[in-house]
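Heads up: the sequence shown begins at 186 in our numbering, then just goes up one per residue. These notes are about the structure you will find just below.
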Amino acid sequence: MRIATIVGARPQFVKAAPLSAALAAAGHEELLIHTGQHYDVGMSDVFFAQLPIKTPIANLAVGSGPAGWQVAEVLRRAEETLREMKPDWVVVYGDTNSTLGGALAAVKAELRLAHVEAGLRSWNRAMPEEHNRVLTDHASDLLLCPTPNAMKNLDREGLAARARHVGDTMYDAVRQFLPLARKRSRVIDTNGLRPKQFALATIHRNYNTDDPAVLTQLLSALSGLELPVVFPVHPRTRKQIAELPGGLLERGALRPIEPVSYLDMLALEADARVVLTDSGGVQKEAMFVGTPCVTLRPETEWGETVELGWNVLAGANAARIREAVSAAHVPSRSQPEAFGDGRASDAIVRALEDV
186 MRIATIVGAR
196 PQFVKAAPLS
206 AALAAAGHEE
216 LLIHTGQHYD
226 VGMSDVFFAQ
236 LPIKTPIANL
246 AVGSGPAGWQ
256 VAEVLRRAEE
266 TLREMKPDWV
276 VVYGDTNSTL
286 GGALAAVKAE
296 LRLAHVEAGL
306 RSWNRAMPEE
316 HNRVLTDHAS
326 DLLLCPTPNA
336 MKNLDREGLA
346 ARARHVGDTM
356 YDAVRQFLPL
366 ARKRSRVIDT
376 NGLRPKQFAL
386 ATIHRNYNTD
396 DPAVLTQLLS
406 ALSGLELPVV
416 FPVHPRTRKQ
426 IAELPGGLLE
436 RGALRPIEPV
446 SYLDMLALEA
456 DARVVLTDSG
466 GVQKEAMFVG
476 TPCVTLRPET
486 EWGETVELGW
496 NVLAGANAAR
506 IREAVSAAHV
516 PSRSQPEAFG
526 DGRASDAIVR
536 ALEDV
């Protein structure tokens, strides 16, 4: 088979790596299209350097811009590329603007579409990602679900016939690359950190970054923690912080650093005492490496992490954040089997072959 894979944002590079390897092992041809949604070295190039991801045969160079424009540009540019490729399947990942734009391009080019990480729902319609994932699911011919809860969500929406429970490719990636991170990463030493004596924080969701009051509240809460808080600052978040009163990044416990590579991020997650994040992927990775998580959102699409005691929802409330960090612990229950056995990529290949 000929598979066209569309990626464009940091988490998609991680999700694509194990599936790319599985497709190659099964003798299939993969053509990688990079939308260019994430484009600087720390958010894009380093992932292709460190992970076994195919070199893109096309970079659409969409770049930054308003969400509607970004989706439209991915659609416009990807459709033309896909018509030239004539793949058997188009594969998209997750819930970004690249996901939706790529999905629409596949539909308009009359190609079969598979959605990896299908069926997730936060039930928060104010989230742009929620619209992206719902629309992509309903456009797809094959829905590749990471958990049984995702399967149930699709069943409620009348999409069960197209859905397969395959497991989570991010779990595949963590199992594959954590030993490599332990061996190669120097991020703990170069930042003068001691294992389990620091917190790790990430903030990038627009409802946390685009409201100055919310962003200020979050930064104040993090700066007031007793642990040093290592904070790899997303470029868009840094831009929003620059518009706030000065000094917020240098206060108290906060230790801002530049965005880190995937291997460095795994090392930080594994050695942190607690992770604080508004990222769905980081919530899961924290659980996969055995570190408690505090989610800086009032909801999550990964409810399993909360149900099993690995994750606490704190939103932007400073008191709840402090309380959750103080109470953070490794739960007695093991990681859920719902995320698969670390071979989701092989299951996805079989599903693509069978449909």
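No residue lacks a Cβ here, since even glycine has one placed at the ideal position from N, Cα and C. Computed from a prediction, not measured in an experiment: that's the story for all the values here.
Using a Cβ-Cβ distance cut-off of 8 Å, the region 428-441 and the region 457-471 are not in contact, since fewer than three pairs of beta carbons, one from each stretch, lie closer than that value. Counting the other Cβ atoms within 10 Å of the Cβ of residue 301 gives 16 or more, which makes it buried. By the criterion of at least three beta-carbon pairs nearer than 8 Å, the region 398-411 is not in contact with the region 323-339. The straight-line gap separating the alpha-carbon atoms of residue 217 and residue 293 is approximately 19 Å. For residue 261, there is no enclosing beta strand (DSSP E); the enclosing alpha helix (DSSP H) has its first and last residue at 252-270. Distance check between residue 279 and each of 193, 505, 272, 502 places 193 closest, using alpha-carbon atoms only.
Comparing C-alpha distances from residue 481 to each of 505, 493, 492 shows the shortest one belongs to 505. Secondary structure note for residue 496: its beta strand (DSSP E) is the uninterrupted segment 496-498.
Ranked by Cα distance from residue 463, the first of 342, 427, 497 is 497. Scanning the region 470-526 from its first residue to its last, the whole beta strand (DSSP E) runs of 3-plus residues come out as 478-480, 496-498.
Put simply, the backbone Cα of residue 210 is about 13 Å away from that of residue 188. Secondary structure of residue 416 (DSSP, three-state): strand.
In the three-state reduction of the DSSP assignment, residue 540 falls in the coil class.
Per DSSP, residue 301 is one residue of the beta strand (DSSP E) stretching across 298-301. With respect to the 8 Å criterion, residue 469 and residue 358 are not classified as neighbours on the basis of their beta carbons.
Within the same chain, Cβ atoms closer than 6 Å to the Cβ of residue 270 are found at 189, 216, the five residues on either side in sequence being excluded.
In the DSSP assignment, residue 314 falls within the alpha helix (DSSP H) that extends over 313-324.
Taking 3 residues as the shortest admissible run, the region 380-409 contains the following complete beta strand (DSSP E) segments, listed from N- to C-terminal end: 384-387. Judged by DSSP secondary structure, residue 428 falls outside any alpha helix (DSSP H); it is assigned neither H nor E. In this structure residue 510 is buried. Its beta-carbon is surrounded by 16 or more other beta-carbon atoms within 10 angstroms.
Contact holds between the region 302-316 and the region 485-497, because three or more Cβ pairs, one in each stretch, are under 8 Å apart. DSSP places residue 462 in the strand class (E or B) of the three-state scheme. Scanning 433, 289, 435 for the CA closest to the CA of residue 322 turns up 289.
Considering only 275, 251, 425, 508, the residue with the shortest C-alpha distance to residue 533 is 275. A distance below 6 Å between beta-carbons, with the five flanking residues on each side excluded, links residue 366 to the following residues of its chain, in chain order: 448, 451, 452.
Relative to the Cα of residue 259, the nearest Cα in the group 249, 213, 403, 286 belongs to 286.
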